[in-house]
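Written below as structure tokens is the structure these notes are about.
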Amino acid sequence: MANIITRFADIMSANINSVLSKAEAKNADKLLEKYIADARRDLEQLKSETAAVIAEEMAQGRKLADCEADIAKYGQYAEAAVRAGNDDDARKFLTYKQQETAKLANLQASYAAAKENSEKMRLMSQKLTEEINAAGSKMAELKAKMSMAQSQEKMQQLNQRLGGAGSSLNNMDGLFDAVQKRIDTIDAQAQLNQDLDPEAERRELERKYAGGGAGGANSVDDELAKLKAMMNN
Numbered sequence: 005m006a007n008i009i010t011r012f013a014d015i016m017s018a019n020i021n022s023v024l025s026k027a028e029a030k031n032a033d034k035l036l037e038k039y040i041a042d043a044r045r046d047l048e049q050l051k052s053e054t055a056a057v058i059a060e061e062m063a064q065g066r067k068l069a070d071c072e073a074d075i076a077k078y079g080q081y082a083e084a085a086v087r088a089g090n091d092d093d094a095r096k097f098l099t100y101k102q103q104e105t106a107k108l109a110n111l112q113a114s115y116a117a118a119k120e121n122s123e124k125m126r127l128m129s130q131k132l133t134e135e136i137n138a139a140g141s142k143m144a145e146l147k148a149k150m151s152m153a154q155s156q157e158k159m160q161q162l163n164q165r166l167g168g169a170g171s172s173l174n175n176m177d178g179l180f181d182a183v184q185k186r187i188d189t190i191d192a193q194a195q196l197n198q199d200l201d202p203e204a205e206r207r208e209l210e211r212k213y214a215g216g217g218a219g220g221a222n223s224v225d226d227e228l229a230k231l232k233a234m235m236n237n
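Residue numbers for the sequence shown follow this note's numbering, beginning at 5 and rising by one.
Dropping the structure here:
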């Protein structure tokens with residue numbers, strides 16, 4: 005029995021915190037998965053061993069209870085024999101009582117040891133169950149963080165690609181600005197040339213009135229007369 009307690013005490017010393025303290029970011033999930041699998045296997049064995057220890061406690065308890073009942077019983081029988089005037093029978097019952105009383109100390113010690121072992125095994129089963137639950141929670145938390153990290157990496161890669169595209173767009177905008185600047189320069193030069201040319205105003209007036217003056221009123225009157233003549237026919 006002591007070997008069972010020692011073996012499972014060693015198992016319990018390797019808890020989830022000690023496992024995680026040795027883990028690295030790249031292998032933490034693998035270590036946790038292995039720890040949970042090993043712990044579940046150990047828990048099943050621990051439950052089996054615990055059941056056997058509890059059964060031993062119950063057996064030792066029954067032996068102790070039977071011994072205590074026999075001691076009480078033989079004492080009552082001895083008293084009854086004395087009241088009946090049968091001293092020989094009373095002596096026999098007192099002898100039986102002494103024999104059972106001699107067993108009592110050993111039975112009490114055996115029961116106490118079995119009970120102690122049973123309590124230890126129960127506590128270890130409870131602790132290992134809690135460790136497995138804690139490991140499951142840690143695993144869920146770790147997977148969530150890993151998923152978030154992967155999403156952040158993908159977002160970073162996307163931002164880098166978009167950043168490159170943005171640079172290309174920026175370059176294109178710069179090209180458009182350069183072309184527009186050249187156009188504005190040409191227009192400015194043309195306007196400047198016109199402002200500096202003293203004959204520019206005269207030539208503009210000549211072009212304006214070259215077709216009959218003031219927008220070609222005579223040609224319009226001619227067209228109107230032709231339209232009326234056609235309508236009267």
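A virtual CB, placed ideally from N, CA and C, is assigned to each residue, including glycine.
Quick caveat, the model's predicted, so the values are computed rather than measured.
request  = Might you give, ordered along the chain, the residues of its own chain that have their beta carbon closer than 6 Å to the beta carbon of residue 108, omitting 5 neighbours on each side?
outcome  = Start at 1 with the first residue of the sequence shown, and residue 108 comes out as number 104. Contacts found: 71.
message = Below 8 Å on the Cβ atoms is my contact criterion, and I expect residue 61 with residue 119 to pass it. Report the Cβ-Cβ distance as a whole number of Å.
response = Taking the first residue of the sequence shown as position 1, residue 61 is located at position 57. Taking the first residue of the sequence shown as position 1, residue 119 is located at position 115. Yes, they are in contact, since the Cβ atoms of residue 61 and residue 119 sit about 5 Å apart, within 8 Å.
Cβ contact (3+ pairs, closer than 8 Å) linking the region 78-87 and the region 96-105 = The region 78-87 is in contact with the region 96-105.
key: Alpha-carbon spacing of residue 91 relative to residue 74, whole angstroms   = On the sequence shown, residue 91 is found 87 positions in, with the first residue counted as 1. On the sequence shown, residue 74 is found 70 positions in, with the first residue counted as 1. Taking the straight line joining both Cα atoms gives about 20 Å.
key: DSSP state of residue 88 mapped onto helix, strand, coil   = One-based indexing of the sequence shown puts residue 88 at position 84. The answer is coil: DSSP assigns residue 88 none of H, G, I, E or B.
message = Just to confirm before moving on: does the CB-CB distance between residue 125 and residue 54 stay below 8 Å?
response = Here residue 125 refers to the residue found at position 121 of the sequence shown. Here residue 54 refers to the residue found at position 50 of the sequence shown. Against a cut-off of 8 Å, the Cβ pair of residue 54 and residue 125 comes out as a contact.
query = If you draw a straight line from the alpha carbon of residue 228 to that of residue 191, how long is it in whole angstroms?
reply = The count along the sequence shown starts at 1 and reaches residue 228 at position 224. The count along the sequence shown starts at 1 and reaches residue 191 at position 187. Residue 191 has its alpha-carbon roughly 41 Å from the corresponding atom of residue 228.
query = Near residue 98, what residues of its chain come up, given a Cβ to Cβ distance below 6 Å and the 5 sequence neighbours on each side ignored?
reply = If you number the sequence shown from 1, residue 98 lands on position 94. Cβ neighbours of residue 98 beyond the five flanking positions: 82.
Rounded separation between residue 173 and residue 145 - CA only = Along the sequence shown, read from residue 1 onward, the residue named residue 173 stands at position 169. Along the sequence shown, read from residue 1 onward, the residue named residue 145 stands at position 141. A caution first: residue 173 carries a pLDDT of 48, below 50, which makes its placement in the model unreliable, though a value can still be read off. Going from the Cα of residue 173 to the Cα of residue 145 covers about 41 Å.
request  = Express the C-alpha separation of residue 113 and residue 128 in angstroms, rounding to a whole number.
outcome  = Position 124 of the sequence shown holds residue 128. Position 109 of the sequence shown holds residue 113. Near 23 Å, if we compare the C-alpha coordinates of residue 113 and residue 128.
ask   = Between the Cα of residue 45 and the Cα atoms of 136, 207, 186, which residue gives the shortest distance?
value = Against the sequence shown, residue 45 aligns to sequence position 41. For residue 45, the closest of 136, 207, 186 by C-alpha to C-alpha distance is 136.
task = For residue 151, I'd like the list of residues in its chain whose CB is within less than 7 Å of its CB, leaving aside the five on either flank, ordered along the chain.
result = Residue 151 sits at position 147 when you count from the first residue of the sequence shown. Sequence-distant Cβ neighbours of residue 151 in its own chain, meaning closer than 7 Å and more than five residues away, do not exist here.
request  = Report the rounded CA-to-CA distance for residue 67 versus residue 117, giving the unit in angstroms.
outcome  = In the sequence shown, residue 67 corresponds to position 63, counting from 1. In the sequence shown, residue 117 corresponds to position 113, counting from 1. Distance between the alpha carbons of residue 67 and residue 117: 14 Å.
message = One question on the structure: do residue 47 and residue 132 come within less than 8 Å of each other, judged by their Cβ atoms?
response = By one-based count along the sequence shown, residue 47 stands at place 43. By one-based count along the sequence shown, residue 132 stands at place 128. Closer than 8 Å, so yes.
message = With a threshold of 6 Å on Cβ separation, who are the neighbours of residue 111 within its own chain once the five nearest residues in sequence on each side are excluded?
response = Start at 1 with the first residue of the sequence shown, and residue 111 comes out as number 107. Once the five neighbours on either side are set aside, the close Cβ partners of residue 111 are 67, 68, 71.
ask   = From residue 59 to residue 49, what distance separates their C-alpha atoms?
value = Within the sequence shown, numbered from 1, the residue matching residue 59 stands at position 55. Within the sequence shown, numbered from 1, the residue matching residue 49 stands at position 45. Distance between the alpha carbons of residue 59 and residue 49 is about 15 Å.
ask   = Between the C-alpha atoms of residue 123 and residue 84, what's the straight-line distance to the nearest angstrom?
value = For the purposes of this step, residue 123 is taken as residue 119 along the sequence shown, with counting starting at 1. For the purposes of this step, residue 84 is taken as residue 80 along the sequence shown, with counting starting at 1. The straight-line gap from Cα to Cα measures roughly 42 Å.
inquiry  = I need the straight-line Cα distance from residue 169 to residue 184, nearest angstrom please.
reply    = If you number the sequence shown from 1, residue 169 lands on position 165. If you number the sequence shown from 1, residue 184 lands on position 180. In this prediction, residue 169 has a pLDDT of 49, which is less than 50 and means its spatial position is unreliable; nothing more can be read from the coordinates.
Buried or exposed by the 16-neighbour rule on C-beta atoms within 10 Å, applied to residue 147 = Within the sequence shown, residue 147 is the residue found at index 143, counting from 1. Residue 147 should be labelled exposed.
Residue 230 versus residue 207: straight-line alpha-carbon distance, rounded = The residue labelled residue 230 in the question sits at position 226 within the sequence shown. The residue labelled residue 207 in the question sits at position 203 within the sequence shown. Cα to Cα, the separation comes out at about 33 Å.
query = Which value, in whole angstroms, describes the spacing of the CA atoms of residue 225 and residue 188?
reply = Here residue 225 refers to the residue found at position 221 of the sequence shown. Here residue 188 refers to the residue found at position 184 of the sequence shown. Approximately 43 Å, taken between the alpha carbons.
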